[in-house]
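With the numbering used here applied, the sequence shown corresponds to residues 109 to 872, in that order.
One structure is given here, and the rest of the page talks about it.
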Amino acid sequence: MYYLGTDIKSSERSITSEVVKNPGKIGMLKKLFGIERHVEEIKVTMTDEKFLQESLKVGRKKIHHRKIVPVIIWDFGGQDVFYSTHQTFLTYRAIYLIVLDGHRNLDDPCPFEQYLPGKSGPKTARDYLRFWITTIVTYCKGSRTGFPKIMIVLTHKDKLKAVDVEPKRQQLFHEIEKMFSGSTLLSHLVIKDQIFVNARNAKDPEMSKIKNIIIEQAIEQPTWGQELPKCFIPLELEFDSLLRRNIPLITMEHMQRINSAQPVRLLTDVELKTFLKFQHSVGRILYFDEASLNQHIILSPTHLIDAFKSIVTDRRFCKGDKLRQDSWDLMSQKGVIAKKCVEDIWKKNYKEFHEHKEYLLGVMTHLDILVEPKRYDNSHRSIPAEFYYVASMIKTNDTTGYMKSARFCQRNIAIAFSLPSSMIPPALSFRFLSYCLSMFAVKSYGQKNEDMLFHRSAVFTIDPSLDMCINCDDEIIIVRLVHVKNRTLIMRDLASSIRECLTVALEKISQLYIKTCSTESVVNEGSFSLSLCCSSSEAPCLLPIFKLKEQVCPWICPKHGIEHTKDVMSSWEVQQEGLQCGDACPVTDNAFLEQLPIDIHLRRLSMQYSINETKELAISLGMQVGTWDDMYVTLCEEPERLKFETLRRCIGDSNKTFNDIRNAIELGKIQNQHTLCKVVRGNTIDFDKEPEKWDLIATEEHLDRVAPLVGNKSLPFLVELGMEFKTWEQIKYRQKEKDLVKLNRDILQEWRSVFCVSYQLKPH
């Protein structure tokens, strides 16, 4: 076969090329590639003599009578880096082979110290088998159920006596089948032939069985027989030539030069992108069709693995390199690596990575192996951070006692995410934590004011009164909202919005690594199941969220005996318009009624009443009629402010609880007591509308655009932002002119520059 050449010079050409003008040979190539246009000459990198030699070889081996399929082989396992990055290289087009030591039992501890995410102490073959099968199925979604296929092969047959081989074979494969019985994972396993080999003996008859099964499974693949354009072949051969010359990465400009130099059939821009996506989907190259990454092509995926390993690796591989040892120690303790450290490591030891550092670091941040924190100057313009978070490398555990702090059970609500396959791959957990790192500020806690970022767990600050605690285990991700006082004060609209935001994020993360070409649809087997958690910090009980509607009485978790009211458990659900109160709502919950309202509660309550109703409520709460009259004279032209300040005057310094307000409502016969429930419900937020804007940081331009829209609602706006009434008074006092837009602009500036900074919040 002719190998079509290009005009590219320098190191890109080491094979001799010549121009072919023979009409017969040109006609043969035109027919091969389906070309009709006139072609006078073709540059080839195979001479007539070489072509004759190869033709004779083909004839002797009768290769032209065979169907030959190229096979790309990947080998995973071993050090930590692969457990953080292997999902990048898994593909639904592959057949997977998992090899187990057959002379050992599935539950025997591994003889060597091995790493397995989320598993401390001795690991077993059962642990690794479950991990790899779950990971493969989670990340590789094909167009048919039961794919990809995973072969399981037993080795070390030579370690057993001949009489023990068959019983051992039967025992292990029976245990494997039992292990996945009742799970959809079983349909992916190829174990019918029960292969058990002596891998040291090439003549072991079962070795040929492996090859035959691979061929059988390849033919069964959904993509088998897929027709591909012949014009892809010259570009594939060019890739092979570049790799032989140790060129693992090229730019898109280089790729376009290669394409434009093809004398017979050039690919259009759309066809070229399709070609690259296909090569990516079969695992031959890595190409990311993202705005900041689509100008490079990695011809050798091991090049990216090596780049990962230069940063994300095991400490034993840093021996003798103090710079890398120090960076590893910092990553394991704090989960960060300085950008300068990466620069120095690559500049000193890895010049091949340093040459394309912006692209390689871009790939790592795209896959959330590295996370660049969002940093802003005093004007809240984006500025580069000096370090990356590396969630997968953090080894420290939470020893702060945060989850054992006073009244923790009474202060939190929790929800759990799980997968049908029962195990959540560690890389997914790391990416989820990385997503949260990009969205929320890490909480500082304890006497040392330490960042609450640990191995597969973290605590983030949502607002001054609320934290979000995330714990990722092998089979479940638990998200807790922890209130500074009591869980009944957690705003229902905020809780449901956070749930919706995190659910969407997890679904997107689980889809990131799924390899499909542009025309394939994905069988969505990986949607997360949601359960409500009890508020215990240790081994929490679970209640599937769909069972919440069936709950009439409070749910008492079976292991801890903790009572959870239906109202509190409903916090995670999207609040429906016109929701009617029932037997289980805030005003029937003693824990809620014992709490002291704050400004945001009083502001929301004041919105429910007319001026006359507010007056009646104030008098029932003990306000003198003369005090009301004075306030009315002063604030009658600002009715919303009048109602709010009236309730503040009644409640502010008197330590009155929600129960006191309920009693006053009943005493004055003002509407009904369930009006009080609305103070913790709020309104639903439509995250589907312009979702790309929800994680933007507010800039000066944003504040300028929002200020006029607030209008004369500056006080309720300030309170909903979480600030106190006295802050509004201070800002208003500084106003020399009655300028609403300026007042609102100053409120926004105070919120962003003072309030968010003081409470370590990101000004979204």
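Ideal Cβ placement from N, Cα and C applies to all residues, glycine included.
Residue from the options whose Cα sits closest to the Cα of residue i
i: Arg-607; options: Phe-288, Met-560, Phe-525 and Arg-853; result: Phe-525
i: His-282; options: Leu-268, Ala-270, Leu-297 and Lys-269; result: Leu-297
i: Thr-783; options: Pro-528, Glu-837, Leu-262 and Thr-722; result: Thr-722
i: Leu-268; options: Ile-321, Asp-209 and Arg-860; result: Asp-209
i: Val-849; options: Pro-816, Lys-231, Val-865 and Leu-541; result: Pro-816
i: Val-498; options: Ile-532, Glu-463 and Ser-537; result: Ser-537
i: Arg-853; options: Ser-435, Leu-869, Lys-821 and Tyr-867; result: Lys-821
i: Ala-647; options: Asn-579, Ile-206, Ala-233 and Thr-253; result: Asn-579
i: Leu-614; options: Glu-148, Thr-246 and Asp-235; result: Thr-246
i: Ser-644; options: Ile-653, Ile-664 and Lys-655; result: Ile-664
i: Met-715; options: Pro-747, Gly-734 and Ala-699; result: Pro-747
i: Met-576; options: Glu-583, Ile-584 and Leu-561; result: Leu-561
i: Lys-616; options: Asn-213, Lys-286, Val-592 and Leu-475; result: Leu-475
i: Thr-331; options: Pro-662, Leu-638 and Phe-386; result: Phe-386
i: Leu-701; options: Gly-669, Leu-713, Ser-718 and Cys-785; result: Cys-785
i: Lys-751; options: Ile-586, Asn-720 and Asn-780; result: Asn-720
i: Cys-248; options: Val-271, Val-261, Leu-198 and Ala-233; result: Leu-198
i: Tyr-236; options: Phe-255, Thr-253, Pro-256 and Leu-214; result: Leu-214
i: Ala-369; options: Gly-734, Leu-343 and Leu-351; result: Leu-343
i: Thr-242; options: Glu-149, Asp-582, Arg-308 and Arg-711; result: Asp-582
i: Leu-574; options: Arg-595, Gln-555, Lys-556 and Glu-558; result: Arg-595
i: Glu-274; options: Asp-301, Leu-375 and Lys-286; result: Asp-301
i: Ile-284; options: Thr-253, Arg-238 and Gln-325; result: Arg-238
i: Gln-732; options: Ser-718, Thr-754 and Tyr-717; result: Thr-754
i: Thr-569; options: His-462, Leu-545 and Lys-556; result: Leu-545
i: Ile-318; options: Ile-299, Asp-429, Asn-763 and Val-567; result: Ile-299
i: Ile-260; options: Phe-416, Leu-602, Pro-534 and Ala-233; result: Ala-233
i: Glu-858; options: Ile-303, Tyr-510, Trp-836 and Val-660; result: Trp-836
i: Ile-322; options: Val-271, Pro-256 and Pro-652; result: Pro-256
i: Ile-206; options: Trp-680, Asp-216 and Ile-244; result: Ile-244
i: Phe-288; options: Trp-240, Gly-554, Phe-636 and Pro-652; result: Trp-240
i: Phe-461; options: Gly-819, Lys-417 and Lys-503; result: Lys-417
Per DSSP, the bridge partner or partners of residue i
i: Thr-473; result: Answer is none; Thr-473 lacks a bridge partner.
i: Cys-641; result: Ala-522 and Leu-650
i: Ser-565; result: Phe-562 and Asn-579
i: Ser-552; result: Asp-559
i: Phe-495; result: Ala-446
i: Asp-506; result: Answer by DSSP bridge pairing: none, since Asp-506 is not bridged.
i: Phe-304; result: Leu-262
i: Leu-574; result: Asp-571 and His-591
i: Ile-586; result: Ala-524 and Asn-579
i: His-404; result: Thr-359
i: Leu-545; result: Leu-545 pairs with nothing; no bridge assigned.
i: Val-479; result: Tyr-497
i: Leu-297; result: Ile-258
Supposed close pair residue i, residue j - CB separation, criterion 8 Å
i: Met-363; j: Gly-443; result: Actually they are not in contact, since the Cβ atoms of Met-363 and Gly-443 sit about 36 Å apart, beyond 8 Å.
i: Ile-258; j: Tyr-204; result: 4 Å
i: Ile-521; j: Val-305; result: Not really, about 53 Å apart at Cβ, beyond 8 Å.
i: Leu-610; j: Ile-598; result: Wrong, their Cβ atoms sit about 15 Å apart, outside the cutoff.
i: Val-479; j: Phe-396; result: Wrong, their Cβ atoms sit about 17 Å apart, outside the cutoff.
i: Lys-465; j: Trp-454; result: 6 Å
i: Ile-180; j: Arg-392; result: 6 Å
i: His-668; j: Cys-642; result: 6 Å
i: Arg-519; j: Lys-593; result: 7 Å
i: Met-412; j: Leu-394; result: Contrary to the premise, residue 412 reads as Leu rather than Met in this sequence. So it is a contact: roughly 6 Å between Cβ atoms.
i: Ala-772; j: Ser-718; result: Wrong, their Cβ atoms sit about 16 Å apart, outside the cutoff.
i: Phe-756; j: Leu-710; result: Position check: residue 756 holds Arg in this sequence, whereas Phe was assumed. Contact flag correct, Cβ pair sits at about 6 Å.
i: Phe-540; j: Ile-585; result: 7 Å
i: Ile-778; j: Glu-724; result: 5 Å
Neighbour flag for residue i against chain C, beta carbons, 7 Å
i: Val-612; result: Included in the structure is just one protein chain, with no chain C present.
(message) Please give the ranges of any alpha helix (DSSP H) in the segment 200–278, keeping only runs that are unbroken, at least 4 residues long and fully inside the region.
(response) 233–247
(request) With a floor of 3 residues, list each beta strand (DSSP E) that falls wholly inside the segment 650–689, ordered by position along the chain. (result) 650–652
(message) For the pair the segment 694–709 and the segment 733–740, tell me if three or more CB-CB distances fall below 8 Å.
(response) no
(request) Just list the beta strand (DSSP E) runs in the segment 719–802, keeping only unbroken ones of 3 residues or longer that don't cross its boundaries, in chain order. (result) none
(message) Can you confirm whether the segment 283–297 touches the segment 339–354 when touching is taken to mean that 3 or more C-beta pairs between the two stretches lie within less than 8 Å?
(response) no
(message) Three or more C-beta pairs under 8 Å: does that hold for the segment 388–407 against the segment 343–357?
(response) yes
(request) Would you check if there are 3 or more beta carbon pairs closer than 8 Å linking the segment 857–871 to the segment 544–552? (result) yes
(request) Counting only runs of 3+ residues fully inside the segment 432–472, write out the beta strand (DSSP E) ranges in chain order. (result) 444–446
(request) Can you check the segment 356–388 for any alpha helix (DSSP H) of at least 4 residues that lies completely inside it and give the ranges in chain order? (result) 360–368
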